[in-house]
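K.L.:
Taken in order, these protein sequences are the chains called A and B. Under the numbering used here, the first residue of the first sequence carries the number 143, and numbering increases by one thereafter. Under the numbering used here, the first residue of the second sequence carries the number 31, and numbering increases by one thereafter. I'd like to ask some things about the structure below.
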Amino acid sequence: MTIFKELNWVLVFIWASLTAFGLVAIYSATLGPVSQFLPAFIQENFMRQLTWVALAIVIIGAIQFTSPRTFQGASYLLYGFATFLMIITVFFGTEVSGSRSWLRLGPINLQVAELMKLATILAAANYLTSRRDISAENLKTAFTALLFFIVPVILLILQNETGVAIIFLALLPFVLFWSGLPHGISLLMISPAIIAYFSVIDWQYGLIAAIVFTFSIFFVQRRHWLTATSLIVGLMTVIGTEVALHQVLQPHQTARIEAFVNPNLDPQGSGWNIIQATTAIGSGGLTGKGFMEGTQTQLRFLPEQWTDFIFCVVGEEFGFIGAGSIMILFLLLFFRLINMATHHKHPYAQLVMVSVAAVFFIHFTINIASATAIMPVIGLPLPFISYGGSAFLINSILLGICLNFDLYKRSFSIYS
Amino acid sequence: MSPTRKRDIKSSARILQAFILLIWIVMFGRLIQLQIVDYEKYAPISKQNFIRQDFVNPARGLILDRNGTIIVENEPIYSITINPVSFDMSKIPLLAKLLNTTEEDVLDRVTQAQQYSWFRTSRLFTEVSFESFSNIQENIWQLPGIGHQIESKRHYPLPLQASHTIGYLREASLEEYRSSDRIRLGDKIGKSGIEMVYEEYLRGELGTKYNRVNAYGQALGLYEDSNLNNSPTKGLDIITTLDAELQVLSERIMENKRGGLVALDPQTGEILSMVSTPQYDLSRLAGRLDSDYWAQINFNPNTPLFNRAISSRQPPGSTFKPFMGLIGLHLGLITRDTEIYNSGAYYRGRAYGDLADPGDYNLERAITKSSNTFFFWMMDRIATRGYLNQWSELAKDFGMGRRNFIDLPHETVGIMPDSTYMNSTFGERRWGIGDLMSLGIGQGMVSVSPLQMAVATASIANGGFRVQPHIVRGIREMDGSINYTDPIRERIDWIREDHLQIVQSGMRGAVTDGGGRWYANLPDIPVAGKTGTSQNPHGENHGWYIAYAPLDDPKIAIAVLIENAGFGSISASPIASLVIEQYLKGEIERQHVLEYVLNFNPWEDIPEDSDTEESAAEEVLDEMEAQP
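This is the structure in C-alpha cells:
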C-alpha cells in the first residue's frame, strides 16, 4: 500500500503515455491498410512489442519490491556479465544488416548493447560515488571511470555498431560533470562533438564554434593550459573533420553525412531518407493526417519507420500536436529525473538518475534531430516509442530503477 | 574538500537542465518550422509522392482488307518485371526453372536490374512466351518482387506482307514527341505506310489512371478520386481497299524480282493490290527492335525499304504509246485513219529504230504492234510545232509526272518534261529536237511510277476519268459505322469517247496479236494491255506492262514494273495477267504461266543474244516447254 502511495506517478504517467504513443505508431507503421506489402515478420512487430510492454510492466513492478542496495551491490557483477555477453556477441552474434549486435538466447533475440547500457550506468555510478576526489588537477578518477565507457565502445565498434557507441561516448561528459568534473573541462569534453557538427555544415562555422568554446572555457575556468588545450582541440576537430570528410571517407560516406545540409543534391540516394522524413513530418501540419492515414508512412516512403524514423510516423499522422506532445513528455521526463536526483540524498541514486536522464536525452536528441534533418542520420531508437524489445525493456528497467530509488529515498541513504 | 562537495548539487542540476532545455528548444523550433511554417511546402510534396499518374495504352486499331479480313491485329507481349528491393535472391533457381533458362542468366539480369535501381521496377525478361508467363503467374506467391507487364505488338495473321503498304511502327523520335501532346516518349508510332498516314485514327486515346504507390513504386490500387481516371479509347479500325487473296498471289509472283505492282479498280481508284519487291518482314520489326534485321534491310543493296510501287520512277517505254495516241488525236496531229509508213526506222537528224515489221501503220495498229515510227513522227510534230508544253500538260492529266495524292507516303511526282524542265536540265536553249524524239515512245527524260501508270491505265479503262488512287476505303467508327473516304474522281474533259475506242482496241490487239499474246491473253476474259521496255543505260532494261480487264466493263487496271528484267512482254505481262486472272476468276487456271513466273528470275533467265521481244519471249517459252 505504501508503494502504491509513494510511487512517483508522474513518471509512471510519462512512461505510459510515451509507450502508448509508441504502440499506436508501431501499429500504424506495420499494420496499416496496405501492410500486406510488408514482410510477415514486420507485420508481427506490434504484437511482439505488446508482449514486451506487458513484460516490462511486470518487471517495473517487481523492481519496486527490491531493495535499492541490490542494484548498487550488483553493479560490478552486472557489468562483468554484460561485458562477457558483449564479447560473446562479437564472435557469435547474429548479423543483422551488417552489424553483429544481437545475441540469440533461445527464442528471443537480445540486443546486448542495451543491457551494457544499464550495466555501465550502474557500474560507473558505483565507482564514481565511491571516490570523491575528481578535480581539475586530479583527473585520475575521471580517467579510471573512462574505462567503464571505453570497454563497451570498443566492443560496439567490433560489432560494427558505431551508432550505439556514440551513446556511451556522449553519456560520459554528463556522468563526469555530475560527479564534479570542473565546468571548463566538461565544456571541453562536449566541445569536439559540437564543433565537428558545425564543421560538417561548413568548416567556417566549425571554426567559429571552436573559438566560441575557447572563450567560454576561458571565461568559466581561467586556466591558461585549459584554454590552450581547448583551442588546440577545437582547431584539430575542424581540421580533422575536414580531412575525414574529404580525404579519409569514401565519397558516398561523405555524401551520407553531409546530406542533411542539402538533401536535394542526391534525392534518390543519400538525400532520400532526409527528404522523405522531413516531408512526412512537414506534411503532417498542425493536426496530422490521422491515424493510419499518413501517406508517407503507409506507403513506406520512410525506411525503418517502426524504429529509427518512428517520430516521422507520429509527426505525419498526429501532426504538431502529437509530435510536440512527445517532445514535451520527454522534456518533462528529463526534468523530472534530474529533479528527483537533486532531492535524493544518496549520491549513487543521484548519479544513476542523472545518467538515465542523460541516456534518454541522448537517444531523444539523436533520433529526433536525425528525423528532422538537423543532423546526419544516425540510426538510434526513440526510447519507449520505437519498436524493439530489448531497448524497450532496458529503458523501462532504467526508469523502474529510478522509480525504486525515488520510492526508497528515505530508507536508502548514505547514513544507513 | 573535493570539488563535488564545494559545488551545490542544485546548481549542477540547473546547468544540466538549462543545457537540455537549450537543445530541446532548438529541436522544438525545428518541429514548428517543419509542421507549422513550412506545412504549405511539404503537403504538396507528400501528395505527389504517393499518387502516380499511370498511362494506359489504348489498343491500336486493326487493319482490314476490303472484305473485312484482318490483315493487322495486336498480339500481347508478356514481360517479367522485377523490383530488386523485394526480390528474394534464393528464388533465382525457381525463376530460372520457370522461365526455362539458366541460373546464371537470371542472376545476370537481376544484377543488372539492381544496378539500375534497387527501388524501381525494371524489366527482367521481355517478350517471354505465354507458357513461361503462366508459369510465373502460378508461382507468383513465392516470388516476391516479381511482377509482369503486358504490352502489345502488331501481329500479321495472313501469309502476306504488304510491308510498304502497311508500314511499321517505331519509337517516336524526340521531335515527334515534342510536336504532339498525344505521343509520349517511348511510344511506338507508325513510321511508314498506312500505319503512318492513319496514325491519328489507329492510335486511339491514351487512358490515365492514378495509382497510389509506395516508395518502391508498387501500385497499391487506384487513388480514391476515381473521377480522375479515364479508360483508354481503342484506336479505330482501318478498312483498306486491298483484296487480301489477290495480295497474297501478287506477292507470291513478285518474289525474287525487283519491281513494283499496282492493281486498282479503274472506276474508283481503290487499290486492290500493291507490291514492291524485295519486301521486308514486318513481323520482325514488331515488338522489340531487332537491330540486326533493321541494319540488314537498311543497308541491303536491293533497298527493300524503298517502295517501288509508288516511289520509283522509270521511263514508261512503249506503255506510253496509248496515251501518246490520245494526245495526238486531241491535238489534231493524227486521226483514226492517219497512216505512217515504217521503213524500219524514223529519220530525223539520225535514224530512230523501229523493231516492228515494215509497213503502213495507223494508230490502232501502231499500238498493237508497238511500232515506234508512228510515235516518233508524232513527237517530231509536237516538238517542231511548239506543242511540247501542251503535250506535257495533257500527259499529266493522266496522272503521269504529277502527284495523284495517294494516301501513302513517298509518292513520287515523276517527270513529264516541258520546256521549263528542259531548260533547267540542259540550260536555256541548249536542247533540241534530238532530246525530245525519244519522249514519243516513253524513253528519255520522261519517267513515271507504277502507280502513275496504273492510274493512267484506269483512265483509258473507265472512259476518261481521272481517279484518285487510295488504299483506305473507310474508317470504322466506334459505333461500328463506317466512315468512307471520299476520293476525287473527275472527267478529263478533253478525252473523247471515239478516240478512246481506237486506243482501247489497239491495246486489245496488243494482247491478242502484239507483245502480250504469249502470256497476257486470257482465254475467256478480254484483256487490253500494252507492254513496254524502259531503256536502262546502267544495266539490263526494265520491263513494263499495263492492262485492264474485262474490256467492256473494266474491273481491274494494273501496272507492273520489273527492274532489270528485259522486255515487259516476258517479265511484267505474265505477272499482270495472273493478277487479273486471280481477281476476275478467283483462281489461277493457267498453271504453266504461274509456274513460269515463279521460276522467272530476272538475273538468270534473260537470254543474252535476243534482240527482239518476240524472239526473246519465244526462246523462253521454248525452254519452258522443252522441260518436262
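For glycine and all other residues, C-beta sits at the position ideal for the given N, C-alpha and C.
For the alpha helix (DSSP H) containing ASN481/A, list its first residue and its last residue.
P.N.:
That run of the alpha helix (DSSP H) goes 452–484.
K.L.:
Taking the continuous beta strand (DSSP E) assigned at PHE443/A, which residues delimit it?
P.N.:
Here PHE443/A belongs to no beta strand (DSSP E), and DSSP marks it neither H nor E.
K.L.:
Measuring straight from C-alpha to C-alpha, what distance separates GLU560/A and GLU458/A?
P.N.:
Past the edges of chain A, shown from 143 to 558, lies residue 560/A, and the structure says nothing about it.
K.L.:
So if DSSP puts THR289/B in a beta bridge, which residue, or which two residues, is it bridged to?
P.N.:
It should be noted that the sequence gives Gly, not Thr, for residue 289/B. Note: GLY289/B sits in a beta bridge opposite THR307/B, ILE592/B.
K.L.:
Could you tell me the distance, in whole angstroms, from the CA atom of GLU507/B to the CA atom of PRO499/B?
P.N.:
Going by the C-alpha atoms only, they are around 23 Å apart.
K.L.:
Run through chain B and tell me which residues come within less than 8 Å of PHE462/A, C-beta to C-beta.
P.N.:
Chain B residues near PHE462/A: LEU61, ILE62, GLN65, ILE66.
K.L.:
Below 8 Å on the Cβ atoms is my guess for GLU303/A versus SER532/A; work out the distance and round it to an integer in Å.
P.N.:
That belief does not hold up - the Cβ atoms of GLU303/A and SER532/A are roughly 13 Å apart, past 8 Å.
K.L.:
Please work out which residues of its chain come closer than 6 Å, Cβ to Cβ, to ASP548/A, disregarding the five sequence neighbours upstream and downstream, and give them in chain order.
P.N.:
For ASP548/A, where only same-chain residues beyond five positions count, the Cβ hits under 6 Å are ASN150, MET482.
K.L.:
Could you tell me which uninterrupted alpha helix (DSSP H) segments, each at least 4 residues in length, are contained entirely in the stretch 476–558 of chain B, listed from first to last along the chain?
P.N.:
Listed in chain order, the complete alpha helix (DSSP H) runs (minimum 4 residues) inside the stretch 476–558 of chain B are 480–491, 527–542.
K.L.:
What residues match up with HIS360/B in a beta bridge as DSSP calls it?
P.N.:
Answer by DSSP bridge pairing: none, since HIS360/B is not bridged.
K.L.:
Using a Cβ-Cβ cut-off of 8 Å, state whether ILE170/B counts as contacting chain A.
P.N.:
No, ILE170/B does not count as interfacial toward chain A.
K.L.:
Is the Cβ of MET19/B closer than 8 Å to any Cβ of chain A?
P.N.:
Coverage of chain B is limited to positions 31 through 658, which leaves residue 19/B absent and any answer about it impossible.
K.L.:
What does the Cβ neighbour count give for ILE636/B, buried or exposed, with the cut at 16 atoms within 10 Å?
P.N.:
For ILE636/B, the pLDDT reaches just 47, beneath the cut-off of 50, and the residue's location in the model is therefore unreliable, although a value from the coordinates is still provided. By the neighbour-count rule (16 or more Cβ atoms within 10 Å), ILE636/B is buried.
K.L.:
To be precise: take each residue of the stretch 321–339 of chain A, compare its Cβ to all Cβ atoms of chain B, and keep it if any distance is under 7 Å. Which residues remain?
P.N.:
Result list: SER321, GLY322, PRO324.
K.L.:
Is there a C-beta anywhere in chain B that falls below 8 Å from the one on PHE477/A?
P.N.:
So yes, PHE477/A belongs to the interface.
K.L.:
What first and last residue would you give for the beta strand (DSSP E) that runs through ASN165/B?
P.N.:
It is not in any beta strand (DSSP E) - ASN165/B instead sits in the alpha helix (DSSP H) that spans 160–168.
K.L.:
With a threshold of 8 Å between beta carbons, is LEU441/A in contact with chain B?
P.N.:
Yes, its Cβ sits closer than 8 Å to a Cβ of chain B.
K.L.:
Of the choices HIS485/A, THR514/A, LEU545/A, CYS544/A, whose alpha-carbon is the least far from that of GLN63/B?
P.N.:
Nearest option by C-alpha distance: THR514/A.
K.L.:
Which word fits ASN113/B, buried or exposed, when buried means at least 16 other C-beta atoms lie within 10 angstroms of its C-beta?
P.N.:
The residue is buried, with at least 16 neighbouring Cβ atoms inside 10 Å.
K.L.:
Buried or exposed for ALA316/B, going by 16 or more other Cβ atoms inside 10 Å?
P.N.:
When all chains shown are included, ALA316/B counts as buried.
K.L.:
Leaving out five residues on either side along the sequence, give the residues of the same chain with a beta carbon under 8 Å from the beta carbon of ILE618/B.
P.N.:
Closer than 8 Å at Cβ, skipping near neighbours: LEU279, LEU608, GLU611, GLN612, LEU624.
K.L.:
Just checking: is the beta-carbon of ALA73/B within a distance shorter than 8 Å of some beta-carbon in chain A?
P.N.:
At least one chain A Cβ lies under 8 Å of ALA73/B.
K.L.:
Following the continuous beta strand (DSSP E) through PRO106/B, name the residue where it begins and the one where it ends.
P.N.:
Its beta strand (DSSP E) spans residues 100–112.
K.L.:
What does LEU428/A touch in chain B if you count any residue whose Cβ is under 7 Å from its own?
P.N.:
Simply GLN65, ILE66.
K.L.:
Quick one: which residues of the stretch 492–507 of chain A get their C-beta closer than 9 Å to a C-beta of chain B? List them in chain order.
P.N.:
Answer set for the stretch 492–507 of chain A: GLN492, VAL496, ALA499, ALA500, PHE503, PHE506, THR507.
K.L.:
Who are the Cβ neighbours of GLN440/A in its own chain at under 7 Å, not counting the five residues just before and after it?
P.N.:
Around GLN440/A: GLY174, PRO175, VAL176, MET434.
K.L.:
With DSSP as the reference, label TRP574/B as helix, strand or coil.
P.N.:
Strand, per DSSP.
K.L.:
Output needed for ALA413/B: all residues of its chain with C-beta closer than 8 Å, excluding positions within five of it in sequence on either side, in chain order.
P.N.:
If we look at ALA413/B and ignore the five residues flanking it on each side, its Cβ neighbours are ILE463, LEU466, MET467.
K.L.:
Hey, which unbroken runs of the beta strand (DSSP E) at 3 residues or more fall wholly within the stretch 219–265 of chain A?
P.N.:
Fully enclosed beta strand (DSSP E) runs of 3 or longer: 236–238, 241–247, 250–253.
K.L.:
From what residue to what residue does the alpha helix (DSSP H) around ASP548/A run?
P.N.:
Unbroken alpha helix (DSSP H) run through ASP548/A: 531–549.
K.L.:
Tell me which residues share the same chain as TYR221/A and place their Cβ nearer than 6 Å to its Cβ, disregarding the 5 neighbours each side in the sequence.
P.N.:
Cβ neighbours of TYR221/A beyond the five flanking positions: ALA261, ALA265.
K.L.:
Check the Cβ-Cβ distances between ALA397/A and every residue of chain B, and say whether any is below 8 Å.
P.N.:
ALA397/A does not count as touching chain B.
K.L.:
Chain B partners of GLY413/A, CB-CB under 7 Å?
P.N.:
In chain order: nothing, as chain B lies at least about 13 Å away.
K.L.:
What is the DSSP secondary structure of ASN337/B, counted as helix, strand or coil?
P.N.:
Correct three-state label for ASN337/B: coil.
K.L.:
Can you confirm whether THR421/A, when its beta carbon is compared against all beta carbons of chain B, has any partner nearer than 8 Å?
P.N.:
Yes, contact with chain B.
K.L.:
Which residue marks the beginning of the beta strand (DSSP E) containing HIS178/B, and which one marks its end?
P.N.:
Taken as a continuous stretch (DSSP letters only), the beta strand (DSSP E) holding HIS178/B covers 176–185.
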